[in-house]
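Heads up, the thing below is written out as structure tokens.
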Amino acid sequence: MQSPVRSVLFFPLVVCLIVGRLAVPVFAAGPSIERTGALAVIGVPSDIEKAVEDKGYRVTLDDGWTAEFWFARALATATKDAAGALYPELTNGEFVAVVNFSKGFTDYRGQAVPPGAYTLRYQYLPQDANHMGVSPNPDFLLAIPLAADSEPAITIPYKRLVVLSAKTTGAAHPAVIAMESAGTPATVAKNDQGMTVLTIAVPTSESGKTEMVGIVLKGQATQ
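Given below as structure tokens:
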């Protein structure tokens, strides 16, 4: 017959061993990116739906923030004279992508962008007294509410682009998303300035060619 004392000592030991096995350290997951299905946002204009690729990208950052992107089937590219531009081959006002911010977003100026779907259009920041020193790079994407931008084939003039994008923030300023130097395709990584950058290879109008674009997902202007 087993000693009562031995049983009393044995039981806590077993419990400790089980708890020790279960107590595995939990580490925060890093940023991730995965392919998703076709654009399926309620109310998406038919021309926008046709203008994007059949598959999108879902990005999840380590704090749980998520967004989905659907990029243009073919970016129009043509070299322009743009001092300091990272993407001189992109045209001002051209359609680049659709993004769906399920949890909202904070733009490069620190402005709140409500949850929802938006088109993203390229804009080279004017090099004038109002914009000098705003950003180390003059390349931006301006977010426009999806319902207000139904013609992806056209380029939108600067002043009109600002007005449309201001609908996103409900303020005088447009919703601006900074662009950065591209890294490895289909990755999310921090750059030397500590900004979190999404890199995607987007097809262009030149057969078989792609444009590597870097989009800042987290990081604001210092001024």
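For the sequence shown, the working numbering begins at 974 and goes up steadily by one. Glycine is no exception: its CB is placed at the ideal position from the N, C-alpha and C atoms.
Host beta strand (DSSP E) of residue i (start-end)
i	result
Ser-1005	1005-1009
Leu-1093	1089-1097
Val-1170	1169-1176
Leu-1114	1112-1118
Arg-1082	First-last for Arg-1082: undefined, no H or E at that position.
Gly-1029	1029-1033
Classification of residue i by the beta-carbon crowding that lies within 10 angstroms, buried from 16 upward
i	result
Val-999	For Val-999, the predicted model reports a pLDDT of 38, less than 50, meaning its position is unreliable; a value from the coordinates is still stated below. Exposed: under 16 other Cβ atoms inside 10 Å.
Thr-1092	buried
Ile-1150	buried
Thr-1141	buried
Glu-1179	exposed
Ala-1148	buried
Met-1105	Confidence at Met-1105 is low in this model, with a pLDDT of 49, below 50, so the placement of that residue is unreliable and no value is reported for it.
Thr-1195	exposed
Gly-1187	buried
9 Å Cβ cutoff, residue i in contact with chain D
i	result
Thr-1183	In summary, chain D is missing from the structure at hand, where a single protein chain is found.
Cutoff 6 Å; reference residue i; Cβ partners in own chain excluding five residues on either side
i	result
Lys-1028	Arg-1008
Where the alpha helix (DSSP H) through residue i begins and ends
i	result
Ala-1024	1019-1024
Leu-1134	1131-1142
In DSSP terms, what residue i is bridged to
i	result
Ala-1126	Per DSSP, none; premise fails for Ala-1126.
Val-1071	Trp-1043, Thr-1092
Gly-1187	Glu-1153, Thr-1172
Lys-1163	Thr-1169
Thr-1195	According to DSSP, which records beta bridges pairwise, Thr-1195 is partnered with nothing at all.
Gly-1016	For Gly-1016, which the question treats as bridged, DSSP gives no partner whatsoever.
Leu-1048	Thr-1177
Ala-1148	Ala-1116
Leu-1063	Thr-1050
Integer Cβ distance of residue i from residue j, believed to fall under 8 Å
i	j	result
Gly-1192	Gly-1167	7 Å
Arg-1216	Ile-1117	The structure shown has nothing for residue 1216, since the chain only spans 974 to 1196.
Glu-1153	Asn-1110	7 Å
Val-1161	Ile-1006	6 Å
Neighbourhood of residue i by C-beta, 8 Å cutoff - its chain only, sequence neighbours within 5 removed
i	result
Leu-1012	Ile-1021, Glu-1022, Val-1025, Gly-1029, Trp-1043, Val-1071
Pro-1088	Phe-1074, Ser-1075, Lys-1076, Gly-1077
Glu-1041	Thr-1009, Gly-1029, Tyr-1030, Arg-1031, Val-1032, Val-1072, Asn-1073, Ser-1075
Same chain, Cβ closer than 7 Å to residue i, neighbours up to 5 away in sequence not counted
i	result
Leu-1018	The question names Leu, but residue 1018 in the sequence shown is Pro. Around Pro-1018: Ser-1123.
Phe-1068	Ala-1024, Ala-1045, Thr-1092, Arg-1094, Pro-1125
Ala-1139	Ala-1145, His-1146, Pro-1147
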